[in-house]
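Each residue of the sequence shown is one higher than the one before, starting from 44 at the first, in this note's numbering. All C-beta atoms in this analysis are idealised placements derived from N, C-alpha and C, irrespective of residue type, glycine included. Everything below concerns the one structure shown next.
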Amino acid sequence: MTSPTFAELGVPTSICQALDSRGITSPFAIQAATIVDAMDGRDVCGRAPTGSGKTLAFGIPLVVSVGRAEPDDHAASY
């Protein structure tokens, strides 16, 4: 069974291209298991060994969320 691509997980093209330019071409198991749910706003909990991709498993959805955020007019008054 092959792992899905980042694009197949719904990661935006710009982020897929940035990952690819750094040699990150396919998700690790922890990323494939959590990215879709995290990008949908669900809480996720994962456990995996050091070096298994946990940082990108939560980092990619975080960047996607920030990119989708609307400016907060209230924040501009500070």
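In its own chain, which residues sit with a C-beta less than 7 Å from the C-beta of residue i, not counting the 5 before and 5 after it?
{"i": "methionine 82", "result": "Gly53, Pro104 and Val107"}
{"i": "threonine 48", "result": "Ser69"}
Note down, in chain order, each residue of its chain lying with its Cβ closer than 8 Å to the Cβ of residue i, except the 5 sequence neighbours on either side.
{"i": "isoleucine 58", "result": "Phe49, Ile103, Val106 and Val107"}
{"i": "glycine 110", "result": "Pro55"}
{"i": "lysine 97", "result": "Ile73, Gly89 and Ala91"}
Rounded C-beta distance between residue i and residue j? I'm assuming under 8 Å.
{"i": "leucine 99", "j": "glutamine 60", "result": "The Cβ separation is near 15 Å, so there is no contact."}
Here's a check: name, in chain order, each residue in its chain whose Cβ is nearer than 6 Å to the Cβ of residue i, leaving out the five neighbours to either side.
{"i": "valine 87", "result": "Thr77, Asp80 and Ala81"}
(message) To test your reading of the DSSP string, which unbroken alpha helix (DSSP H) runs of 4 or more residues are found completely within the region 56-96?
(response) Counting only runs of 4 or more, we get 56-64 and 72-82.
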